[in-house]
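Following: one structure in structure tokens, then a few remarks.
Protein chains: 2
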Amino acid sequence: MFDRLKTSLDQLLPLSREEFIHFATLLTTRRLAKHELFLRAGEVCTHIAFINQGCLRYYYLKDGNEFNGQFFFEGAWVGDYHSFLTGQPSVQYIDALEDTDLLIIKRTDLQMLYDEHPRFERFGRLLAENVVIGSQRRTASLLFDTPEERYLKLIVDRPKVMERIPLHHIASYLGVKPESLSRIRKRLADNR
Amino acid sequence: MFDRLKTSLDQLLPLSREEFIHFATLLTTRRLAKHELFLRAGEVCTHIAFINQGCLRYYYLKDGNEFNGQFFFEGAWVGDYHSFLTGQPSVQYIDALEDTDLLIIKRTDLQMLYDEHPRFERFGRLLAENVVIGSQRRTASLLFDTPEERYLKLIVDRPKVMERIPLHHIASYLGVKPESLSRIRKRLADNR
DNA sequence: CACATTTCTTAACCCAAGTCAAGAACGTTT
DNA sequence: AAACGTTCTTGACTTGGGTTAAGAAATGTG
Numbered sequence: 085m086f087d088r089l090k091t092s093l094d095q096l097l098p099l100s101r102e103e104f105i106h107f108a109t110l111l112t113t114r115r116l117a118k119h120e121l122f123l124r125a126g127e128v129c130t131h132i133a134f135i136n137q138g139c140l141r142y143y144y145l146k147d148g149n150e151f152n153g154q155f156f157f158e159g160a161w162v163g164d165y166h167s168f169l170t171g172q173p174s175v176q177y178i179d180a181l182e183d184t185d186l187l188i189i190k191r192t193d194l195q196m197l198y199d200e201h202p203r204f205e206r207f208g209r210l211l212a213e214n215v216v217i218g219s220q221r222r223t224a225s226l227l228f229d230t231p232e233e234r235y236l237k238l239i240v241d242r243p244k245v246m247e248r249i250p251l252h253h254i255a256s257y258l259g260v261k262p263e264s265l266s267r268i269r270k271r272l273a274d275n276r
Numbered sequence: 085m086f087d088r089l090k091t092s093l094d095q096l097l098p099l100s101r102e103e104f105i106h107f108a109t110l111l112t113t114r115r116l117a118k119h120e121l122f123l124r125a126g127e128v129c130t131h132i133a134f135i136n137q138g139c140l141r142y143y144y145l146k147d148g149n150e151f152n153g154q155f156f157f158e159g160a161w162v163g164d165y166h167s168f169l170t171g172q173p174s175v176q177y178i179d180a181l182e183d184t185d186l187l188i189i190k191r192t193d194l195q196m197l198y199d200e201h202p203r204f205e206r207f208g209r210l211l212a213e214n215v216v217i218g219s220q221r222r223t224a225s226l227l228f229d230t231p232e233e234r235y236l237k238l239i240v241d242r243p244k245v246m247e248r249i250p251l252h253h254i255a256s257y258l259g260v261k262p263e264s265l266s267r268i269r270k271r272l273a274d275n276r
């Protein structure tokens, strides 16, 4: 039940047995069916979730079009940082791309952990810092890589995405329409 | 000397007089002339800096072209998160766009603060969380806003950037060439 | 199995940004 | 003043992604 969580936490910051149990008692489980929403734009994100099994994405909706911000697999944490931290309504949706098992912690319980134990405060810092690194890398790629370069990097850097996510969602993540991703794939298949 | 720092810290997390003084004793000052580099790609980012006065940007270099990642003004912290946290060489440059006064803290001293006092650990978490929010907003804008929309938002959201940063740097920040930003401005001026 | 839905590709045309080249406006230096 | 560099704009042409429409291939469902 908590094996994957334990492994994942240990990579960031090893906790004592007592600390881990304390943490675990605050978690609830939730199962999302494929396409089920974890968060809807307009709602406040009051929980964050650890993915025990499955896959989610967060996306923005603009003029009826979806734009995929990020994909998350087992071992990752998901939530809307902005809404979770500020208490403002979220501007993004989070949904499951496969049947997915989650471990969920309430914002208030996490806040309590931070107040009670500096060890968890550090956990929160390290988690946020890692999210910064990922987010800045993504920003940089959108800024100066072509869609074709982003596609080629994705194949190398995140094979799981290529294996488990439909191409039209990948296109959206890369910042192009599905038709353009098709053309990019055609170009690559023909020219090399 | 430390007025602006005190004000800035208090907005994030008020510190006791003793805590603040402890923090302040670890800081050194540095003055950068316009165009002087604070960090060079290939170097490890061993310090982060609080901007007392002035303005910096970080940028990437690709095929001889500069791509501006972000601009920072007085009251902000600058550094390369990725390099600072992982100890790996940076892939970005940080330079001053005006004559700039900095307060600098060493990575090892900050680490020491984290270890000694949970209060600073919280400061680090809050700082990182705020960087996440900013970075994700920027990613989202690059993903689904047109360059024209990004330009219009910049005028509203960050007037300081429009006032103090040359247009060709703004173009780069928006993800277009200077010629394209000129055309965007022409389109908007010709009313459409 | 047949049917529907989702996923992916292709084609024709349009448009905005890139590229290359030139020059104007402005500030700084000599 | 003249010479220079920086900043910004404009024009002609190219390129690649968006749009629309259609259909093919794969997957799911009764």
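If you're matching them up, the sequences are chains A and B in order.
The numbering used here numbers the first residue of the first sequence as 85 and each following residue consecutively.
The numbering used here numbers the first residue of the second sequence as 85 and each following residue consecutively.
Here a beta-carbon is modelled for each residue, glycine too, at the ideal position from N, C-alpha and C.
All values derive from a computational prediction rather than experimental measurement.
Quiz item: Which residues in the same chain as B:Met246 place their Cβ atom closer than 6 angstroms to its Cβ, once the five residues preceding and following it in sequence are excluded?
Solution: Residue numbering aside, residue 246 of chain B sits at position 162 when the second sequence is read from its first letter. Here the set comprises Ile239.
Self-check item: Beta-ladder partner(s) of A:Ala133, from DSSP
Solution: Counting from 1 along the first sequence, the entry for residue 133 of chain A is found at position 49. Bridge partners of A:Ala133: A:Val162, A:Ile188.
Exercise. Grab the span of the beta strand (DSSP E) containing B:Asp179 for me, first residue to last.
Key: Position 95 of the second sequence, counted from the first residue, corresponds to residue 179 of chain B. Per DSSP, B:Asp179 belongs to the beta strand (DSSP E) from 177-180.
Practice problem: Pull out every residue of the stretch 199-210 of chain A whose Cβ sits closer than 8 angstroms to any Cβ of chain B, in chain order. | Solution: Pro202, Glu205, Arg206, Gly208, Arg209
Quiz prompt | Every unbroken alpha helix (DSSP H) within the stretch 195-254 of chain A, with a cutoff of 4 residues, ordered by chain | solution = Fully enclosed alpha helix (DSSP H) runs of 4 or longer: 202-228, 231-241, 243-248.
Self-check item: Neighbouring residues, chain B, relative to A:Tyr177 (Cβ below 9 angstroms)
Solution: For the purposes of this step, residue 177 of chain A is taken as the residue at position 93 of the first sequence. Ordered by position in chain B, no residue passes the 9 angstroms Cβ test against A:Tyr177, which lies about 13 angstroms from the chain.
Quiz item: Rounded C-beta distance between A:Arg209 and B:Arg209? I'm assuming under 8 angstroms.
Solution: Counting from 1 along the first sequence, the entry for residue 209 of chain A is found at position 125. Counting from 1 along the second sequence, the entry for residue 209 of chain B is found at position 125. With 8 angstroms as the limit, A:Arg209 and B:Arg209 qualify as a contact, their Cβ atoms being about 4 angstroms apart.
Exercise. Have a look at B:Lys244, B:Arg222, B:Leu258, B:Gln220 and flag the residue whose alpha-carbon is nearest the alpha-carbon of B:Tyr235.
Key: As a first step, residue 235 of chain B must be located in the second sequence, where it is residue number 151. Of B:Lys244, B:Arg222, B:Leu258, B:Gln220, the residue nearest in Cα terms is B:Leu258.
Quiz prompt | Cβ-based burial, A:Asn152 [other Cβ within 10 Å; buried from 16] | solution = As a first step, residue 152 of chain A must be located in the first sequence, where it is residue number 68. A:Asn152 should be labelled buried.
Quiz item: Quick one: does the C-beta of A:Val162 sit closer than 6 angstroms to a heavy atom of the ligand ZN?
Solution: Ligands displayed in this structure: none; no statement on the ligand ZN is therefore possible.
Exercise. Taking B:Arg221 as the reference, give the member of B:Leu111, B:Ala108, B:Asp241 with the closest Cα.
Key: Along the second sequence, one-based indexing puts residue 221 of chain B at 137. Ranking B:Leu111, B:Ala108, B:Asp241 by Cα distance to B:Arg221 puts B:Asp241 first.
Quiz item: How many angstroms separate the CA atom of B:Leu123 from the CA atom of B:Ala133?
Solution: What you label residue 123 of chain B is simply residue 39 of the second sequence in a count that begins at 1. What you label residue 133 of chain B is simply residue 49 of the second sequence in a count that begins at 1. Take the alpha-carbon of B:Leu123 and the one of B:Ala133: they are about 11 angstroms apart.
Practice problem: Would you mind sorting B:Ser225 into buried or exposed? The rule is 16 or more other CB atoms within 10 Å of its CB. | Solution: For the purposes of this step, residue 225 of chain B is identified with residue 141 of the second sequence, where counting begins at 1. Flag for B:Ser225 reads buried.
Practice problem: Anything in the stretch 151-180 of chain B with a Cβ closer than 7 angstroms to a Cβ of chain A? List those residues in chain order, please. | Solution: Listed in sequence order: Phe151, Gly153, Tyr165, His166, Leu169.
Quiz item: Does the beta carbon of A:Ala125 sit closer than 7 angstroms to a beta carbon anywhere in chain B?
Solution: Within the first sequence, residue 125 of chain A is the residue found at index 41, counting from 1. No, its Cβ sits nowhere closer than 7 angstroms to a Cβ of chain B.
Quiz item: What is the DSSP secondary structure of A:Leu140, counted as helix, strand or coil?
Solution: Mapped onto the first sequence, residue 140 of chain A falls at position 56. Secondary structure at A:Leu140: strand, using DSSP grouped into helix, strand and coil.
Quiz prompt | Partner residues on chain A for B:Val215, Cβ-Cβ distance less than 7 angstroms | solution = The count along the second sequence starts at 1 and reaches residue 215 of chain B at position 131. Simply Val216.
Quiz item: Which residue from B:Phe86, B:Leu96, B:Ile135, B:Thr91 puts its Cα closest to that of B:Ala212?
Solution: Along the second sequence, one-based indexing puts residue 212 of chain B at 128. B:Ala212 has its Cα closest to that of B:Leu96, out of B:Phe86, B:Leu96, B:Ile135, B:Thr91.
Quiz item: Rounded to a whole number of angstroms, what is the C-alpha to C-alpha distance between B:Gly159 and B:Ile189?
Solution: Counted from its first residue, the second sequence places residue 159 of chain B at position 75. Counted from its first residue, the second sequence places residue 189 of chain B at position 105. Cα-Cα distance, rounded: 15 angstroms.
Self-check item: Integer-rounded CB distance, given that A:Ala180 should sit under 8 angstroms from A:Lys244
Solution: Start at 1 with the first residue of the first sequence, and residue 244 of chain A comes out as number 160. Start at 1 with the first residue of the first sequence, and residue 180 of chain A comes out as number 96. Actually they are not in contact, since the Cβ atoms of A:Lys244 and A:Ala180 sit about 15 angstroms apart, beyond 8 angstroms.
Practice problem: May I ask you to report which of helix, strand or coil DSSP gives A:Phe168? | Solution: In the first sequence, the residue the question calls residue 168 of chain A occupies position 84. Correct three-state label for A:Phe168: helix.
Quiz item: For B:Thr112, which residues does DSSP report across the bridge?
Solution: Stepping through the second sequence from its first residue, residue 112 of chain B is reached at position 28. Answer is B:Ile188.
Practice problem: Give the interface partners of B:Tyr144 over in chain A, defined as CB-CB distance under 9 angstroms, in chain order. | Solution: For the purposes of this step, residue 144 of chain B is taken as the residue at position 60 of the second sequence. Ala224, Leu227, Phe228, listed in chain order.
Quiz item: Where does A:Thr109 land, buried or exposed, given buried means 16+ other C-beta within 10 angstroms?
Solution: One-based indexing of the first sequence puts residue 109 of chain A at position 25. Answer is exposed; the Cβ neighbour count stays below 16.
Practice problem: Would you kindly work out how many angstroms separate the C-alpha atoms of A:Arg191 and A:Phe168, rounded to a whole number? | Solution: One-based indexing of the first sequence puts residue 191 of chain A at position 107. One-based indexing of the first sequence puts residue 168 of chain A at position 84. For A:Arg191 and A:Phe168, the distance between alpha carbons rounds to 7 angstroms.
Quiz prompt | C-alpha distance - B:His106 paired with B:Ile135, whole-angstrom precision | solution = The residue you call residue 106 of chain B lines up with position 22 of the second sequence. The residue you call residue 135 of chain B lines up with position 51 of the second sequence. Distance between the alpha carbons of B:His106 and B:Ile135 is about 19 angstroms.
Quiz item: Can you name the residues of chain A whose CB is closer than 7 angstroms to the CB of B:Ala212?
Solution: Along the second sequence, read from residue 1 onward, the residue named residue 212 of chain B stands at position 128. What B:Ala212 touches in chain A: Arg209, Ala212, Glu213, Val216.
Self-check item: Per DSSP, the bridge partner or partners of B:Phe122
Solution: As a working note, residue 122 of chain B is residue 38 in the second sequence. B:Phe122 pairs with nothing; no bridge assigned.
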